[in-house]
Amino acid sequence: MLSHLPKDFTAVVTGASGGIGSAMVNALLASEKTGEVIAISRSFLASDHPRLKSLIADITTEHGRSVVAQQVSGRPVHFLFNAIGTLHDDSHGLQPEKRLEQLDAASLNHVMHINAATPALLIAALKPSLQGSHPAIIASLSARVGSITDNGYGGWYSYRASKAAHNMLMKTASIELTRLNKQSIVLCLHPGTTDTALSKPFQARVPNDKLFTPDFVAEQLLKVISQRTPEDTGSFWDWAGEAIEW
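Counted from 1, the sequence shown has number 364 at position 187 by this note's numbering; the numbering is strictly sequential.
The following block contains the structure:
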């Protein structure tokens, strides 16, 4: 697992209480190669695993990101996995738009902030821990609908735009980080339709063999990540290891 990384590597996982995030935490802790796993969420993770550090922080805020940076304290981070994202939110009256007249500025800003701005701002906050000469992999969840080339159906304006913006921010960050750390790898990842709260309202039309468990997705993404090298930094992949067009 993650052959690019050294033994006892340090991992940071955001969205650690969500479906894919928690599955990734469990997969990392199951490996003897992993050192400390810093699991970030807005609620405490009930686990006494000796290699797990549960950190309560809302990384969509500047304060939350500073809490994470203080916890890491400039020491090398070898694996940063971002699993936060939003598609619908009843508390914000947020649903994917099907038509232009459903676009709402506040909802658009909310989705763009969480899905695009926050992952990039987190990388900025952890930059001292990512630069240097140590292997460093940054893997951030995107979505195939964020591909401009692949958009043949329309709709879902805010979500599509936020994931396209996410991809551009990750691609741009990959260029800067290569200058600061030749062993860095920045990846955008499409997990497929996963049985989580994010996809729950939209699962009815998904065939059973295309609705994945979080554990399966975490395992597949780790395989995909393990196959990448620094030459692949700034690229976009799906759960099966197929490259996705921008």
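Note that the Cβ used here is the ideal one computed from N, Cα and C, for glycine as well.
Can you list, in chain order, the residues of its chain with a C-beta nearer than 8 Å to that of residue i? Leave out the 5 residues immediately preceding and following it.
{"i": "Ala260", "result": "Val190, Thr191, Gly192, Ala193, Gly195, Ile197, Gly198, Met201 and Leu318"}
{"i": "Val424", "result": "Residue 424 cannot be examined here, being either before or after the span of the chain that is shown, 178 to 423."}
{"i": "Asp392", "result": "Ala200, Asn203 and Ala204"}
{"i": "Ser310", "result": "Asn358, Lys359 and Gln360"}
{"i": "Ala374", "result": "Gly195 and Gly196"}
{"i": "Pro183", "result": "His255, His311 and Pro312"}
Thinking C-alpha only, which one of the options is nearest residue i?
{"i": "Phe221", "options": "Pro227, Ala234, Ile291 and Glu278", "result": "Ala234"}
{"i": "Glu419", "options": "Glu408, Ile402 and Pro407", "result": "Ile402"}
{"i": "Ile421", "options": "Gln360, Ile291, Ile325 and Gln397", "result": "Ile325"}
{"i": "Gly332", "options": "Thr373, Gly309, Ala294 and Leu280", "result": "Leu280"}
{"i": "Ser284", "options": "Pro296, Gly251 and Asp267", "result": "Asp267"}
{"i": "Arg321", "options": "Ser208, Trp416 and Lys210", "result": "Trp416"}
{"i": "Asp327", "options": "Phe413, Asp372 and Ala293", "result": "Phe413"}
{"i": "Cys365", "options": "Ala293, Asp372 and Glu353", "result": "Ala293"}
{"i": "Trp423", "options": "Gly323, Pro407 and Lys275", "result": "Gly323"}
By the 10 Å Cβ neighbour count, where 16 or more other Cβ atoms means buried, how is residue i classified, buried or exposed?
{"i": "Leu277", "result": "exposed"}
{"i": "Lys340", "result": "buried"}
{"i": "His367", "result": "buried"}
{"i": "Ile300", "result": "buried"}
{"i": "His343", "result": "buried"}
{"i": "Tyr334", "result": "buried"}
{"i": "Ala395", "result": "buried"}
{"i": "Ala282", "result": "exposed"}
In chain order, what residues of the same chain have a beta carbon less than 7 Å from the beta carbon of residue i, not counting five sequence neighbours either side?
{"i": "His287", "result": "His269 and Leu271"}
{"i": "Gln404", "result": "Gly418"}
{"i": "Gly212", "result": "Asp185, Phe186, Thr187 and Arg228"}
{"i": "Gln248", "result": "Ile215 and Leu232"}
{"i": "Lys275", "result": "Gly332"}
Which whole-angstrom value describes the C-beta separation of residue i and residue j, a residue pair presumed to lie in contact below a C-beta threshold of 8 Å?
{"i": "Leu298", "j": "Arg242", "result": "6 Å"}
{"i": "Leu399", "j": "Thr370", "result": "Not a contact, Cβ separation roughly 19 Å."}
{"i": "Ala216", "j": "Leu229", "result": "6 Å"}
{"i": "Ile291", "j": "Gly251", "result": "Actually they do not touch by this definition, with Cβ atoms about 26 Å apart."}
{"i": "Phe256", "j": "Leu346", "result": "Incorrect: roughly 19 Å between the Cβ atoms, too far for contact."}
{"i": "Ala338", "j": "Met289", "result": "7 Å"}
{"i": "Pro273", "j": "Tyr330", "result": "About 12 Å; that fails the 8 Å criterion."}
{"i": "Thr295", "j": "Thr237", "result": "5 Å"}
{"i": "Asp409", "j": "Thr390", "result": "Not confirmed; about 26 Å, so no contact."}
Which residues in the same chain as residue i place their Cβ atom closer than 6 Å to its Cβ, once the five residues preceding and following it in sequence are excluded?
{"i": "His226", "result": "Leu206"}
{"i": "Gly411", "result": "Lys348, Ser351 and Val363"}
{"i": "Phe258", "result": "Val190, Met201 and Ala316"}
{"i": "His181", "result": "Pro312"}
With residue i as the anchor, note down where its beta strand (DSSP E) starts and where it stops.
{"i": "Ile217", "result": "Thr211 to Ser218"}
{"i": "Phe256", "result": "Phe256 to Asn259"}
{"i": "Asp225", "result": "Element bounds for Asp225: n/a, residue is neither H nor E."}
{"i": "Phe186", "result": "Phe186 to Thr191"}
Could you check where the alpha helix (DSSP H) with residue i kicks off and where it finishes?
{"i": "Ser306", "result": "Lys304 to Leu307"}
{"i": "Ile352", "result": "Tyr334 to Leu357"}
{"i": "His287", "result": "Ala282 to Met289"}
{"i": "Val363", "result": "Where Val363 is concerned, there is no enclosing alpha helix (DSSP H), although the beta strand (DSSP E) it sits in stretches over Ser361 to His367."}
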